[in-house]
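In the numbering used here, the protein residues as written are 39 to 145. Beta carbons: idealized from backbone N, C-alpha and C, even for Gly. Everything below concerns the one structure shown next.
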């Protein structure tokens, strides 16, 4: 029991330390100087560094949720006048032409 608790704490502290060390490490290795043509390529994970150092990589605060119930939508579903159309072709012959439209256009 105590060993499991110690393991959970160790994993938790390790994850927090990794997250806290991620942003300073990303700022320590800035992205390539893309304004200098011909020297740099896109194969060294610069997009990951930009994601971590930008606001997109940070945890954004969420909205405050209300404990009040939201509005309810009530409505009446009316039956349709037409019968359902088949979802598959009624023909047993497989042709080489493109498939025809199964549902004719409404006029």
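In the displayed model, residue 115 falls within coil according to three-state DSSP, outside both helix and strand.
Annotation for residue 52: the continuous alpha helix (DSSP H) segment containing it runs 40-66. For the options 45, 63, 106, the alpha carbon positioned closest to that of residue 86 is the one of 63. Spatial neighbours of residue 113 in its own chain (CB-CB distance under 6 Å, excluding positions within 5 residues in sequence) are not present.
Between the C-alpha atoms of residue 47 and residue 89 there is a straight-line separation of about 29 Å.
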